[in-house]
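Start counting at 1 in the sequence shown, then tack on 182, and there's your number in my numbering.
Worksheet: one structure, shown below.
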Amino acid sequence: MSCGMRRWWTILWLAVVSLPAFGEPVIVVSIREDISRNTVFLIRRALREAGEKQAVAVVLELDTNGGRVDATEEIIRLLERAPVKTYAFVNAKAYSAGAFIAAATDRIYMSPGSVIGAATPVMMMPGGGGVAELPKSYEEKITSAMRALIRATAQAKGHNPDVFDAMVDKDRGLAIGDTVIVEKGKLLTLTNAEAARAYGAPAKPLLSAGTVKSVAELLAQVGLPGAAVVPVQPYGFEVLARWLTMLSPVLVMIGFVAIYLELKTPGLGVPTVVAVICFGLYFIGYIAAGLAGWEEAVLFAVGLALLAVEVFVLPGFGVAGVAGLACILAALVLAMVEHFPGGPRWPAWSQVQGPLVTVLLEFAGSVVVMMLLARFLPETRLFRKMELAATTSGYKTAGATAAVLRGATGVAETPLRPAGKGRFNGQLVDVVTEG
């Protein structure tokens with residue numbers, strides 16, 4: 183084979199291997215509403231799906247007026263930890279929080295006639311009554327905080343932080359060389375053409391990597407012309423997740439108290455049903471939020487089973503009880519910890535710390551309620567109705583039984599640590615050892 187032919191074959195081979203594999207999945211998320219907790223759950227679900235499907239990119243199609251600051255910050259943190267490349271496609275508008283989210287992606291594209299900017303923080307009136315004027319001191323504080331956040335985000339993603347400064351703070355202005363982009367006293371808002379215009383030496387686009395008409399055109403621009411688009415649409419579970427995660431502390435406390443009541447009353451009754459419903463809703467909420475999987479729910483069930491073994495099979499509080507309690511607490515904590523497929527197997531301490539404190543506070547609150555119930559519940563008519571009636575005629579108190587059996591010799595039916603059960607004259611009795 184001649185040198186010229188060998189060279190052509192080498193060039194052809196390099197061209198083929200440099201092309202993306204046809205049909206590689208790309209996750210596309212359409213955000214066409216105000217940014218809220220629902221949006222956080224939607225983007226988290228999209229990023230998890232990107233990891234599960236081994237997607238090569240995630241595209242956020244933005245058409246939003248802005249939204250909540252806390253939700254925006256959480257979305258920025260999610261995008262910073264995204265397992266794949268992220269692209270923003272401003273399709274109409276990305277005001278305020280929408281501009282912040284775009285800054286957290288690796289590259290920004292805009293559709294013809296679209297705009298981005300006007301990202302100054304505002305305070306909404308209760309009940310959707312419009313925009314309220316911020317107190318001067320608070321306005322300076324929140325503007326400074328948002329400027330720092332957006333600058334750090336833009337720098338990390340390779341965007342010009344001064345552009346976003348001018349979007350947040352009207353007193354900043356923006357000039358590149360001798361060219362004034364926006365004067366001081368005005369907030370920066372850019373059209374697609376203005377955002378793609380190049381400035382400086384060497385010339386570099388101000389913000390947008392280019393104007394495209396569709397997601398397909400965007401993918402062609404980034405070298406993924408044959409990618410398989412996988413749309414991720416919002417559904418009702420995001421709303422459900424929002425409410426259930428908000429109510430999760432109450433659900434956990436009620437669940438623990440219900441377990442306590444079930445242990446204090448015989449049989450499989452109403453407290454058991456309440457506990458199952460509360461903890462079931464807890465895990466459903468975090469699964470819908472994209473935080474937990476069914477593994478945490480299974481771990482929780484294992485913990486309950488170990489506690490049941492400790493209480494009903496092995497009286498006392500030994501290995502099974504400790505292991506069961508550890509499984510329950512671990513399941514509740516891990517349900518709140520973010521984890522993406524392909525990420526680290528075990529969460530970092532910084533991820534666990536907040537959820538752990540939350541669960542411990544919930545458990546402490548449950549203990550307080552249990553103590554109050556232990557003090558006042560036995561005196562209520564409802565509790566007396568739930569207590570076991572004697573199987574024989576008449577009524578025997580614990581004191582009367584002890585008086586009858588005083589001095590009797592029996593056989594221990596279970597380990598006494600120090601409490602357990604013993605059999606006296608064929609009768610099974612709760613006993614406590616001395617010494």
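Yeah, the Cβ is synthetic: ideal placement off N, Cα and C, and Gly gets one too.
In this text the structure is predicted, and so the values were computed from the model without any measurement.
Original post:
Can you name, in chain order, every residue of its own chain whose Cβ lies under 7 Å from the Cβ of residue 468, other than the five neighbours on each side?
Top reply: Counting from one through the sequence shown, the residue named residue 468 turns up at place 286. 427, 474, 517, 518.
Subject >> Rounded separation between residue 479 and residue 251 - CA only >> reply: Your numbering for residue 479 matches position 297 in the sequence shown. Your numbering for residue 251 matches position 69 in the sequence shown. Spanning the two alpha carbons is a distance of roughly 31 Å.
**OP:** Indicate whether residue 208 and residue 237 have their beta-carbon atoms separated by less than 7 Å.
**Re:** Sequence index remark: in the sequence shown, residue 208 carries index 26 (1-based). Sequence index remark: in the sequence shown, residue 237 carries index 55 (1-based). Contact flag set, yes.
Original post:
Is DSSP giving residue 557 helix, strand or coil here?
Top reply: Here residue 557 corresponds to residue number 375 of the sequence shown, with the count starting at 1. Assigned with DSSP and collapsed to three states, residue 557 falls in helix.
Original post:
Looking only at C-alpha atoms, which of 268, 610, 327, 293 sits nearest to residue 286?
Top reply: Reading the sequence shown from its first residue, position 104 is the one you call residue 286. Measuring from the Cα of residue 286, the nearest candidate turns out to be 268.
Original post:
Helix, strand or coil: how does DSSP classify residue 467 here?
Top reply: By 1-based counting over the sequence shown, the position of residue 467 is 285. Correct three-state label for residue 467: helix.
Subject >> Neighbourhood of residue 256 by C-beta, 7 Å cutoff - its chain only, sequence neighbours within 5 removed >> reply: Residue mapping note: residue 256 aligns to position 74 of the sequence shown, counting from 1. Within the same chain, 222 come within 7 Å of residue 256 by CB-CB distance, once the 5 residues on both sides are set aside.
Subject >> Reduced DSSP category for residue 275 - H, G, I as helix; E, B as strand; rest coil >> reply: If you number the sequence shown from 1, residue 275 lands on position 93. In this structure, residue 275 counts as strand in the three-state DSSP scheme.
**OP:** Count the C-beta pairs between the stretch 453-470 and the stretch 489-504 that are closer than 8 Å, then say yes if the count reaches three, no if not.
**Re:** Cβ pair count under 8 Å is below three, so no.
**OP:** Spell out the partners DSSP gives residue 605 in its beta bridges.
**Re:** Against the sequence shown, residue 605 aligns to sequence position 423. Beta-bridge pairing links residue 605 to 593, 610.
**OP:** Return the CA-CA distance between residue 548 and residue 438, expressed in angstroms with no decimal places.
**Re:** For the purposes of this step, residue 548 is taken as the residue at position 366 of the sequence shown. For the purposes of this step, residue 438 is taken as the residue at position 256 of the sequence shown. Linking residue 548 to residue 438 through their CA atoms gives a straight-line distance of about 6 Å.
Original post:
Within the chosen definition, does the stretch 372-391 reach the stretch 279-295 through at least 3 CB pairs nearer than 8 Å?
Top reply: At 8 Å Cβ cutoff, the stretches touch.
**OP:** Using the Cα positions of residue 249 and residue 392, report the straight-line distance between them to the nearest angstrom.
**Re:** For this step, residue 249 is matched to residue 67 along the sequence shown. For this step, residue 392 is matched to residue 210 along the sequence shown. Each residue's alpha carbon lies about 26 Å from the other.
Subject >> According to DSSP, residues forming a beta bridge with residue 238 >> reply: Taking the first residue of the sequence shown as position 1, residue 238 is located at position 56. In the DSSP output, where bridge partners are listed per residue, residue 238 has none listed.
Subject >> Environment of residue 417 [buried if 16+ CB atoms lie within 10 Å] >> reply: Position 235 of the sequence shown, counted from the first residue, corresponds to residue 417. Its Cβ having fewer than 16 others within 10 Å, residue 417 is exposed.
**OP:** Go ahead and label residue 411 buried or exposed: buried means 16 or more other beta carbons lie within 10 angstroms of its beta carbon, across all protein chains shown.
**Re:** Start at 1 with the first residue of the sequence shown, and residue 411 comes out as number 229. By the 10 Å Cβ count, residue 411 comes out exposed.
Original post:
Where does residue 243 sit, in a helix, a strand or coil, going by DSSP?
Top reply: Along the sequence shown, read from residue 1 onward, the residue named residue 243 stands at position 61. It is a strand residue.
Original post:
Expressed to the nearest angstrom, what Euclidean distance is found between the alpha-carbon atoms of residue 266 and residue 406?
Top reply: By one-based count along the sequence shown, residue 266 stands at place 84. By one-based count along the sequence shown, residue 406 stands at place 224. Between the alpha carbons of residue 266 and residue 406 lies a distance of about 14 Å.
Subject >> Extent of the continuous beta strand (DSSP E) to which residue 361 belongs >> reply: By 1-based counting over the sequence shown, the position of residue 361 is 179. It spans 361-364 - the beta strand (DSSP E) in which residue 361 sits, taken as one unbroken run.
**OP:** Starting from the C-beta of residue 150, find all residues in its chain whose C-beta is less than 8 Å away, skip the five residues before and the five after it, and write them out in chain order.
**Re:** In the structure as shown, the chain starts at 183 and stops at 617, and residue 150 therefore has no counterpart that could be examined.
Subject >> Contacting residues, own chain, Cβ-Cβ under 8 Å from residue 595 (five flanking each side not counted) >> reply: By 1-based counting over the sequence shown, the position of residue 595 is 413. Once the five neighbours on either side are set aside, the close Cβ partners of residue 595 are 602, 603, 604, 605, 610.
Subject >> CB contact flag (residue 541, residue 501, <7 Å) >> reply: Sequence index remark: in the sequence shown, residue 541 carries index 359 (1-based). Sequence index remark: in the sequence shown, residue 501 carries index 319 (1-based). Taking C-beta atoms as the reference points, residue 541 and residue 501 fail to come closer than 7 Å.
Subject >> Residues of its chain near residue 655, where Cβ-Cβ distance is below 8 Å and the 5 sequence neighbours each way are ignored >> reply: No information on residue 655 is available, as it lies outside the stretch 183 to 617 that the chain covers here.
Original post:
At which residues does the beta strand (DSSP E) containing residue 372 begin and terminate?
Top reply: Here residue 372 is taken as the residue at index 190 of the sequence shown, counted from 1. For residue 372, the enclosing beta strand (DSSP E) stretches over residues 371-373.
**OP:** Specify the secondary structure class of residue 182 as computed by DSSP and reduced to three states.
**Re:** Missing from the structure shown is residue 182; the chain here goes from 183 to 617 and no further.
**OP:** Please work out which residues of its chain come closer than 8 Å, Cβ to Cβ, to residue 464, disregarding the five sequence neighbours upstream and downstream, and give them in chain order.
**Re:** Numbered from 1 along the sequence shown, position 282 holds the residue referred to as residue 464. Closer than 8 Å at Cβ, skipping near neighbours: 426, 430, 433, 434, 437, 514, 517.
**OP:** Using three-state DSSP, classify residue 292 as helix, strand or coil.
**Re:** Here the question's residue 292 lines up with position 110 in the sequence shown. DSSP places residue 292 in strand when its eight states are reduced to three.
Original post:
From this set, 388, 441, 302, 324, which residue's C-alpha is nearest residue 343's C-alpha?
Top reply: On the sequence shown, residue 343 is found 161 positions in, with the first residue counted as 1. It is 388.
Original post:
On the premise that residue 276 lies in contact with residue 298, defined as a C-beta separation below 8 Å, what is that separation, rounded to the nearest angstrom?
Top reply: Within the sequence shown, the letter at position 116 stands for residue 298. Within the sequence shown, the letter at position 94 stands for residue 276. The C-beta distance from residue 298 to residue 276 rounds to 4 Å, short enough to fall under 8 Å.
Original post:
If we count the other Cβ atoms within 10 Å of its Cβ and call it buried at 16 or more, is residue 543 buried or exposed?
Top reply: Working through the sequence shown from its first residue, we reach residue 543 at position 361. Here residue 543 is exposed, its C-beta having fewer than 16 other C-beta atoms within 10 Å.
Subject >> Reference residue 441; option with closest CA among 471, 400, 403, 483 >> reply: Translated into positions along the sequence shown, residue 441 becomes position 259. For residue 441, the closest of 471, 400, 403, 483 by C-alpha to C-alpha distance is 483.
**OP:** May I ask which residues mark the beginning and end of the alpha helix (DSSP H) holding residue 217?
**Re:** One-based indexing of the sequence shown puts residue 217 at position 35. For residue 217, no alpha helix (DSSP H) encloses it, and the DSSP letter there is neither H nor E.
Subject >> residue 362 vs residue 370 beta-carbon contact at 7 Å >> reply: Here residue 362 corresponds to residue number 180 of the sequence shown, with the count starting at 1. Here residue 370 corresponds to residue number 188 of the sequence shown, with the count starting at 1. Not closer than 7 Å, so no.
Original post:
How is residue 356 classed by DSSP in three states: helix, strand or coil?
Top reply: If you number the sequence shown from 1, residue 356 lands on position 174. Three-state result, residue 356: strand.
Original post:
For residue 381, which beta-bridge partners are listed by DSSP?
Top reply: Here residue 381 refers to the residue found at position 199 when the sequence shown is read from its first residue. DSSP lists 386 as partners of residue 381.
Original post:
Using the C-alpha atoms, what's the distance from residue 206 back to residue 409?
Top reply: If you number the sequence shown from 1, residue 409 lands on position 227. If you number the sequence shown from 1, residue 206 lands on position 24. Looking at the two C-alpha atoms, the distance is approximately 5 Å.
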